[in-house]
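In our numbering, the protein residues as written are 865 to 1233.
Shown next as structure tokens:
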């Protein structure tokens, strides 16, 4: 019984060996290739827009910034807003204690009323005296005395009007309003603090409040002399921020300095970025991208497809085949191919480093851009 089972297993083994030995060499090679094929991902070459881009690090600032402070000294009576609060143009922000100013205004208005009465009286006297003088009923000396009194009364009236206007101006400037729509960036003083702009009683950069408008963002960056020649006012730019992945904000160049910084030998430039949703915040850093040259309908591949700056590997018949290429425009993502590839070629973009020409490959996916 045992011997019979052994004999059966021996027969099965011999049959398996015969089957394997009968397998065609091509089938054996295919099986070996499939087992040893390197996994890769490919990019299908296609025509598209390719832009050469310049990239710089930039600092973000609000495009409008103003210190809110009165033109006169006084005690701060009320502050009506807090940090981070959005305000509208003309909105009341803060005011000084105006009690003494109102008393000065009342006093000036009373003095003006008296000066106007004196002036009217002097005007009537002069008018009467002019008639008498023409009739030769009074002497020139008498006439001159009345005329001088009239001139003095008029000067006193003008002075009183100026005093009233000055007091009214002081009352007006003691009330601080928003000069534009914006956000309160800083509350620098508190109610009860005394501010004296004329005597240096506060920091010129602080004031009572700091108001900013960052519905547009001003960005500053430095460029090399060669790049400065490629920039111009009105040129389109894009801003990217690390805290907002996948988002780009459009703007344009507003300033390119005509002289280089003596220390860095670079040129300073500015751009204005649209920020209507107030997503970007002043004080952050960002990446400015400028398209300086663009070509439409060009063959292009991802940067990582290019090996040793001279060739790519394409998939042909499940093998990696070398293609020497000539490149054109480049940016951080794509490289223009001016010769060496055809539309529709499958270029290896992942798994290509260290891969030898002729190696068997297995395509595990296609990269889409």
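For each residue, glycine too, the CB sits at the ideal point set by N, CA and C.
Nearest to residue 941 by alpha-carbon distance, out of 961, 949, 950, is 961. Exclusion of the five residues before and after residue 1011 leaves 990, 993 as the residues of its chain whose Cβ lies within less than 8 angstroms of its Cβ.
Per DSSP, residue 959 is one residue of the beta strand (DSSP E) stretching across 956–960.
If the five residues before and after residue 1031 are omitted, its C-beta is found closer than 7 angstroms to the C-beta atoms of 965, 968, 969, 972, all from its own chain and listed in chain order.
Within its own chain, the residues whose Cβ lies closer than 8 angstroms to the Cβ of residue 900, once the five positions on either side in sequence are excluded, are 1224, listed in chain order.
Setting aside the 5 residues that flank it on each side, residue 1215 is surrounded in the same chain by 902, 903, 904, 905, each with a C-beta closer than 7 angstroms to its C-beta; the list follows chain order. Looking at the DSSP output, residue 950 shares a beta bridge with 1047. For a cut-off of 8 angstroms, the C-beta gap from residue 1185 to residue 1210 is around 10 angstroms, too long to register as a contact. Taking C-beta separations shorter than 6 angstroms and ignoring five residues to either side along the sequence, the partners of residue 925 in its chain run 1082, 1146, following chain order.
Counting other Cβ atoms within 10 Å of its Cβ, residue 1143 stays below 16 and is therefore classed as exposed.
Of the candidates 1212, 1163, 1078, the residue whose Cα lies closest to the Cα of residue 929 is 1078. Around residue 1207, the same chain offers 909, 910, 911, 1163 as residues with beta carbons nearer than 7 angstroms, after the five sequence neighbours per side are excluded. Between residue 988 and residue 1014, the alpha-carbon positions lie close to 9 angstroms from each other. Straight-line measurement puts the Cα of residue 1218 at about 21 angstroms from the Cα of residue 1205. Assignment of residue 1163 by DSSP, reduced to helix, strand and coil, places it in the strand class. Boundaries of the beta strand (DSSP E) harbouring residue 1201: 1198–1203, taken from the DSSP string. Residue 965: not part of any beta strand (DSSP E); member of the alpha helix (DSSP H) spanning 963–998, first to last residue. Residue burial is scored here from C-beta neighbours: residue 1021 has at least 16 other C-beta atoms within 10 angstroms and is therefore classed as buried. In this chain, the alpha helix (DSSP H) harbouring residue 1018 covers 1004–1037. Distance from the CA atom of residue 1173 to the CA atom of residue 1221, rounded to whole angstroms, is 16 angstroms. Residue 1006 and residue 1023 have their alpha carbons spaced roughly 26 angstroms apart. For residue 1127, the closest of 1098, 1088, 1135, 1116 by C-alpha to C-alpha distance is 1088. Contact check between the stretch 1182–1199 and the stretch 1123–1140: fewer than three CB pairs, one atom from each, fall below 8 angstroms, which does not count as touching. With contacts defined as CB atoms closer than 9 angstroms, residue 1057 and residue 950 fail to qualify as a contacting pair. The alpha-carbon separation between residue 934 and residue 1061 amounts to approximately 8 angstroms.
Here the alpha carbon of residue 952 sits roughly 20 angstroms from the alpha carbon of residue 1052. A distance below 6 angstroms between beta-carbons, with the five flanking residues on each side excluded, links residue 1202 to the following residues of its chain, in chain order: 1190, 1192.
Its chain contains 1021, 1024, 1025, 1027, 1028 as the residues whose beta carbon lies nearer than 8 angstroms to that of residue 976, once the 5 sequence neighbours on both sides are disregarded; these appear in chain order.
In the structure shown, residue 922 adopts extended strand secondary structure according to DSSP, grouped into three states. Nearest to residue 1115 by C-alpha distance, out of 1084, 1003, 1159, 1194, is 1084. With fewer than 16 other Cβ atoms inside 10 Å of its own Cβ, residue 1093 counts as exposed. Rounded to whole angstroms, the Cβ separation of residue 1169 and residue 907 is 6 angstroms, and the two are in contact under 8 angstroms. Measuring C-alpha to C-alpha distances from residue 1230 to each of 1048, 1165, 1161 identifies 1165 as the nearest. It is roughly 8 angstroms from the alpha-carbon of residue 1227 to the alpha-carbon of residue 1182. For residue 903, the enclosing beta strand (DSSP E) stretches over residues 902–908. In the DSSP assignment, residue 1226 is bridged to 903.
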